[in-house]
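Residue numbers (the working numbering): 3 to 169.
Have a look at this one:
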């Protein structure tokens, strides 16, 4: 349950990061344009409504923001001194969480199938052990009554299923 909550929070967090990295401007036809890429060079600066990373309402970011963006671009071009890429670590962590959740779901599915097999085998074993007449259908589609040897073989097979799936 905790893994699922963490995954949901991670998805929400990732979605909010992508929303923050949006450009917004008014094009020459007067329509608002949203993009993750900067506007074309022919769009005047006063038409740009939102820059990535700038949380102000409408209007342009402070003058220090372009300089910070330029220095950030320079930093991303050169290798980081720590040798760690945060995005890569986040993706790796998210992939590990997804893999763990998938394994857990598969394990739950497997356990549920075992429980169902166990219940069916116990029911069939109880039916066989009653001693009543049991009919099966053969390959030609005819009804055949089980004899004592077939009943014993089926009882043994069901006992094996019970031992493997009910423990």
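Just so you know, even glycine gets a beta-carbon here, dropped at the ideal spot from N, CA and C.
Helix, strand or coil at residue 26 [DSSP, three-state]: strand
Environment of residue 5 [buried if 16+ CB atoms lie within 10 Å]: exposed
Stretch pair the stretch 126 to 135 + the stretch 98 to 107: three plus CB contacts closer than 8 Å: no
Let me know if residue 14 comes out buried or exposed under the rule of 16 or more other beta-carbons within 10 Å of its beta-carbon. exposed
Span of the alpha helix (DSSP H) around residue 191: It is not possible to answer for residue 191, since the shown part of the chain is limited to 3 through 169.
Under the three-state DSSP convention, the category residue 52 falls into: strand
Whole-angstrom Cβ separation of residue 150 and residue 123, contact assumed at under 8 Å? With 8 Å as the limit, residue 150 and residue 123 do not qualify as a contact, their Cβ atoms being about 21 Å apart.
Identify every residue that forms a DSSP beta bridge with residue 137. 147
Locate the beta strand (DSSP E) running through residue 37, then write down its first and last residues. 34 to 37
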